[in-house]
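First residue of the sequence shown? That's 20 in our numbering, and the numbers climb one at a time after it. Yeah, the Cβ is synthetic: ideal placement off N, Cα and C, and Gly gets one too. First the structure, in the form of structure tokens, and then the observations on it.
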Amino acid sequence: MFEQLIVPVSIYTYLSLFITSFLASTVLPMGSEALVVLLIKSDHNFYAVVLLATIGNYLGACTTYYLGLKGRSGVIEKYMSISKKDLEKADRWFTRYGSYALLFTWLPLAGDAITAMGGLLKLDFRIFSFYVFIGKFARYLVLAYIATSI
């Protein structure tokens, strides 16, 4: 009877990865990279780790995009640790690189500003999703691959 009630620890581990990755791209100034490396080094499923981290981080970015889309730059600056200076920098990135700037949403500090700016500029969500997902997937894939090598 108790065997049916016990959930494998790995489910909580993967849930923690998802939540950490989500929060890392929204309200908390934190990263998920250390957890990804730890899980890969602990022989967790390589593809599950990469995919869950990517999806969580992508969905967190969608939250930031939505706040920007609704014109909530004051909320973004106040609660998301994104300064006006970072938003101006992200605006310059969009001016220079266009939608391709979204490939760099994984960068520390600047990435959240780029994501928010995508919403503030009211970029098409399909274009936003494509570039952000690809950029975040590439980041976690490279990170996980490096973790297997060290």
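- The shortest C-alpha to C-alpha distance from Gly50 to any of Lys155, Ser168, Thr167 is the one to Lys155.
- Rounded to the nearest angstrom, the Cβ distance from Ala120 to Ile133 is 6 Å, consistent with a contact under 8 Å.
- The C-beta distance from Gly138 to Leu86 rounds to 6 Å, short enough to fall under 8 Å.
- DSSP places Phe113 inside the alpha helix (DSSP H), whose first and last residues are 103-116.
- Every alpha helix (DSSP H) stretch that sits fully inside the stretch 26-79 and reaches 4 residues is listed by chain position as 28-43, 52-60.
- The beta-carbon distance between Ile59 and Ala163, rounded to whole angstroms, is 5 Å. This is short enough to meet the 8 Å contact definition.
- The C-beta of Tyr33 has 16 or more other C-beta atoms within 10 Å across all chains shown, which makes the residue buried.
- Gly79 is positioned such that its CB atom lies no closer than 8 Å to that of Leu36.
- Under the DSSP assignment, Tyr159 falls in the alpha helix (DSSP H) whose first and last residues are 144-168.
- Taking a 10 Å sphere around the C-beta of Glu52, we find 16 or more other C-beta atoms and assign the residue as buried.
- Apart from sequence neighbours up to five positions away, the residues of its chain that approach Ser29 with a beta-carbon distance below 8 Å are His63, ordered along the chain.
- In the DSSP annotation of this structure, the continuous segment of the alpha helix (DSSP H) that includes Gly138 starts and ends at 129-139.
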